[in-house]
Amino acid sequence: MRINAKTSEKIAKCLIWTAALLVIAILFSIIAHILIKGIPMISWQFLTDIPRDMGRSGGISSSIVGTLIVTAVAVIVATPFGIGTAIYLTEYTRESRVTRIIRFSAESLAGIPSIVYGLFGFIFFVIYLKMGWSILSGGLTMAIMILPTIIRTSEEAIRTVPQLYREVGFSLGLTKWQTITRTVLPSALPGIVNGVILSIGRCVAETAAVILTAGSALRMPTSIFSPTRTMAVHFYILAREGISMDNAYGTAALLIILILLLNVGFNMLVNRFIAKGR
Amino acid sequence: MTQTSKIDIKGLNFYYQQKQVIKELNLELPKNRITAVFGPANSGITTLLRTLNRLSDLTVGARHEGEILLDGKNIFDPDVNVTELRRRVGMVFDVPTSLPMSIFDNVALGPRMGGMKSKSAVAEEVEKALRMSALWDDVKDRLDTPAARLSGGQQQRLCIARVLALEPEVILLDRPCSALDPISTAKIEESLMQLKEQYTIIIAPHTVQQAGRIADRVAFMLMGDLIEQGYTQEVFSFPKDNRTNDYLTGRFG
């Protein structure tokens, strides 16, 4: 049976609309469910007190701090290495066996389950380097985990910068490094930041690898050598062990709000930077 | 030739991989004059310009034979500092390319990267360059706005200002008006006529008429060969070679 063009147009439109609406509906209902259950739990005490009685009462301040610092360590360590590798791949070497190997490794690393990174971090950082369960071990493990994402998004962003920008840089007597930092990277920045935001999301949401490397201590961390329990881990333990579903929802709601805030914040920062140039 | 030559090209052959794009070129480019190198597409003109400040180094698989003397010194000598050379021989491209930053920063980029530290010196250089490229009056009140908001013609004058801020000796222009309207083109041509007092200008014009309007000397290239060169008037009125005549009268190209 042949369907005429007009009918198939209508059917296609109908299916695409359904798909889009369904996805949005599912997404919103999950977020709404968590926020409705969780937001009533969020109070001043919840934000500022440390967990008491295994998390049945008290707040989650130590988890908030732990999450932010583990993520910060990961991003601060991974970003320079990631961007550096991307610059090497795009600007300092020609397409060759070596670049293909690096790219293939990065892509393979991106596909590995996070628990494997956790195991590696546990053996290497926690035990071999004797860092113990700590924010540093957790952060470094997360850094390795997000490195492939940062490399790939940065590489793509740098690759889309018009060749003409580089030629303008060189023709103005800029050295290669000046050309890269002054003409290429500023144009690639939005794409690079996108990769970093994506990575922040992964760090904040990670549980398995963090339990193995940063531990699950409820104390307020005093340095990057302290163990900590990130919000995602706290949420996991509260829910898994049936300690307090209410506090679990509160933590989850805060997690969502935190990720939203980070996204919005970073985007505003980038937009302000871009507004100067475009 | 009565004037002293700024650039002297001797026996230049240029190849991309196996393909030869410039064949045994000998050409003198006089100081403080506008020389137009014209010809149909794929004649090797863009390659020639890119070779003069060694931007051609960036192209993978490019190689050359022969010499290009800038004030008597071969630019291919191993002791030549390429970034220094590119500051002396500035280039304006066919597509107006402002970088994604403010008008001021675009022009200030070259001097700053060249090591100019003092803010007032940079500001002075930027103003001078913008005045010379006849853009100052258009932009003096909005130097901090993004360069991309300028019109195409203004952006191309910004590109010229950006080169002038390097205080170069030679300015290369590769079909600088090909993306511009006639009024913008006229403005740029006017600027160029003024600039030749201080600079040696080599332009690939986008039309033969443009060569006729602004050039002191012209060189006609075809498929990598230099067919004919001389004073604009002479070449345009009495071309010695049939191919030049055919091209000028629009029989091909």
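Chains A and B are the protein sequences, given in the same order. Take 1 as the starting number for the first sequence in the UniProt record's numbering and just add one per residue. Take 1 as the starting number for the second sequence in the UniProt record's numbering and just add one per residue. C-beta: ideal position from N, C-alpha, C; glycine also.
(message) I'd like to know whether the C-beta atoms of R229 (chain A) and S61 (chain A) end up nearer to each other than 9 Å.
(response) Between R229 (chain A) and S61 (chain A), the gap from beta carbon to beta carbon reaches 9 Å or more.
(request) Would you please state the rounded distance, in angstroms, between the beta carbons of G55 (chain A) and S199 (chain A)? I believe it to be under 8 Å. (result) In this structure, G55 (chain A) and S199 (chain A) do not form a Cβ contact; the two beta carbons are roughly 28 Å apart against a cut-off of 8 Å.
(request) Could you give the DSSP three-state label for T4 (chain B): helix, strand or coil? (result) The three-state secondary structure of T4 (chain B), taken from DSSP, is coil.
(request) Please go through the same chain and pick out, in chain order, the residues whose beta-carbon is closer than 7 Å to the beta-carbon of L29 (chain B), but skip the five residues on each side of it. (result) The answer, listed in chain order, is S5, K6, I7, T35, T200, I202.
(message) My output table needs one value for P96 (chain B): the three-state DSSP class, helix, strand or coil.
(response) Residue state, collapsed to three classes: coil.
(message) When you compare the segment 156 to 169 of chain A with the segment 183 to 198 of chain A, are there three or more beta-carbon pairs, one atom per stretch, that lie closer than 8 Å?
(response) A contact exists between the segment 156 to 169 of chain A and the segment 183 to 198 of chain A.
(request) Give, in chain order, every residue of the segment 38 to 70 of chain B whose Cβ lies closer than 8 Å to some Cβ of chain A. (result) Taking 8 Å as the cut-off between beta carbons, the residues of the segment 38 to 70 of chain B near chain A are N53, L55, L58, V60, in sequence order.
(message) For A148 (chain B) and N271 (chain A), what's the separation of their Cα atoms in angstroms?
(response) Between A148 (chain B) and N271 (chain A), the C-alpha separation is close to 16 Å.
(request) Inspect the beta-carbon positions of F14 (chain B) and T46 (chain B) and report whether they are closer than 9 Å. (result) No, the pair does not count as a contact, with Cβ atoms beyond the cut-off.
(message) If you follow the beta strand (DSSP E) that T35 (chain B) is in, where does it begin and where does it stop?
(response) Unbroken beta strand (DSSP E) run through T35 (chain B): 34 to 38.
(request) Please list the residues of the segment 145 to 178 of chain A that have a C-beta atom closer than 7 Å to any C-beta atom in chain B, keeping them in chain order. (result) So the close ones are L164, Y165, E167, V168, F170, S171, L172, G173, L174, T175, Q178.
(request) Kindly list the residues whose CB is nearer than 8 Å to the CB of T232 (chain B), restricted to its own chain and excluding five residues on each side of it in sequence; keep chain order. (result) Around T232 (chain B): A36, A211, G212, A215, D216, R217, V218.
(message) Just checking: is the beta-carbon of P205 (chain B) within a distance shorter than 9 Å of some beta-carbon in chain A?
(response) Cβ-Cβ to chain A under 9 Å: no for P205 (chain B).
(request) Output the boundary residues of the alpha helix (DSSP H) element that contains R162 (chain B). (result) Per DSSP, R162 (chain B) is one residue of the alpha helix (DSSP H) stretching across 152 to 164.
(request) Quick one: residues in its chain with C-beta nearer than 8 Å to the C-beta of Q20 (chain B), no 5 flanking neighbours on either side, listed in chain order? (result) Within the same chain, Cβ atoms closer than 8 Å to the Cβ of Q20 (chain B) are found at N13, F14, G224, the five residues on either side in sequence being excluded.
(request) Using alpha carbons as the reference points, say which of B:L180, B:Q194, B:Q229, B:K240 lies closest to T207 (chain B). (result) Ranking B:L180, B:Q194, B:Q229, B:K240 by CA distance to the CA of T207 (chain B) puts B:L180 first.
(request) Please confirm if the segment 138 to 153 of chain A is in contact with the segment 56 to 75 of chain B, defined as three or more CB-CB distances below 8 Å between the two stretches. (result) When Cβ pairs closer than 8 Å are counted between the two stretches, the segment 138 to 153 of chain A is seen not to touch the segment 56 to 75 of chain B, the count staying below three.
(message) Between P100 (chain B) and chain A, is the shortest Cβ-Cβ distance under 9 Å, so that the two count as touching?
(response) Flagged as an interface residue toward chain A: P100 (chain B), by a C-beta distance shorter than 9 Å.
(message) Below 8 Å on the Cβ atoms is my contact criterion, and I expect A204 (chain B) with L158 (chain B) to pass it. Report the Cβ-Cβ distance as a whole number of Å.
(response) With a Cβ gap of about 20 Å, A204 (chain B) and L158 (chain B) do not count as contacting.
(message) Let me make sure I understand the geometry here. Which of B:T51, B:N242, B:G72, B:K73 has the alpha-carbon closest to that of H64 (chain B)?
(response) Among B:T51, B:N242, B:G72, B:K73, the Cα nearest to that of H64 (chain B) is on B:T51.
(message) Can you tell me whether R54 (chain B) is buried or exposed? The criterion is at least 16 other CB atoms within 10 Å of its CB, across all chains shown.
(response) Buried: at least 16 other Cβ atoms inside 10 Å.
(request) Could you work out which residues of chain A lie near R142 (chain B), taking near to mean beta carbons separated by less than 7 Å? (result) Within chain A, not a single residue places a beta-carbon under 7 Å from that of R142 (chain B); the smallest gap is close to 13 Å.
(request) Can you have a look at W44 (chain A) and say buried or exposed, based on whether 16 or more other CB atoms are within 10 angstroms of its CB? (result) Only exposed fits W44 (chain A), as fewer than 16 other CB atoms lie within 10 angstroms of its CB.
(message) Let's see if you can read the secondary structure: which residues bound the alpha helix (DSSP H) around T213 (chain A)?
(response) Counting along the chain, the alpha helix (DSSP H) containing T213 (chain A) begins and ends at 208 to 214.
(message) I want to verify the contact list: residues of chain A whose CB lies under 8 Å from the CB of L192 (chain B), in sequence order.
(response) What L192 (chain B) touches in chain A: nothing, since even the nearest Cβ is about 18 Å away.
(message) Taking the straight line between their C-alpha atoms, what separation do you get for G90 (chain B) and E197 (chain B)?
(response) Approximately 16 Å between the Cα atoms of the pair.
(request) In the DSSP assignment, find the unbroken beta strand (DSSP E) run with V193 (chain A) in it and report its ends. (result) Element bounds for V193 (chain A): not the beta strand (DSSP E) but the alpha helix (DSSP H), 185 to 205.
(message) So if I threshold CB-CB distances at 7 Å, which residues from the segment 144 to 169 of chain B count as touching chain A?
(response) So the list reads P146, A148, R162, L166, given in the order they occur along the chain.
(message) As a quick exercise: from A:I101, A:I31, A:V210, A:L109, pick the residue whose alpha carbon is nearest that of A74 (chain A).
(response) Here the closest residue by C-alpha is A:V210.
(request) Give the DSSP-derived three-state secondary structure of P162 (chain A) in the structure shown. (result) Here P162 (chain A) sits in coil by DSSP.
(request) Assuming A165 (chain B) and V126 (chain B) form a contact by the criterion Cβ under 8 Å, report the distance between their Cβ atoms to the nearest whole angstrom. (result) Right, the Cβ-Cβ distance comes to about 6 Å (below 8 Å), so this counts as a contact.
(request) For V21 (chain B), name the three-state secondary structure that DSSP assigns. (result) When DSSP states are grouped into helix, strand and coil, V21 (chain B) belongs to the strand group.
(request) Assuming A232 (chain A) and V204 (chain A) form a contact by the criterion Cβ under 8 Å, report the distance between their Cβ atoms to the nearest whole angstrom. (result) That pair is a contact at about 7 Å.
(message) Under 9 Å, Cβ to Cβ, is there at least one residue of chain A near residue 260 (chain B)?
(response) Lying before the first or after the last residue shown, residue 260 (chain B) is absent from chain B, which here runs from 1 to 253.
(request) Could you tell me which of A:I69, A:I101, A:N247, A:R103 sits nearest to P221 (chain A), measuring between CA atoms? (result) The residue with the shortest Cα to Cα distance from P221 (chain A) is A:I69.
(request) Reducing DSSP to helix, strand and coil, say where E167 (chain B) ends up. (result) Coil, per DSSP.
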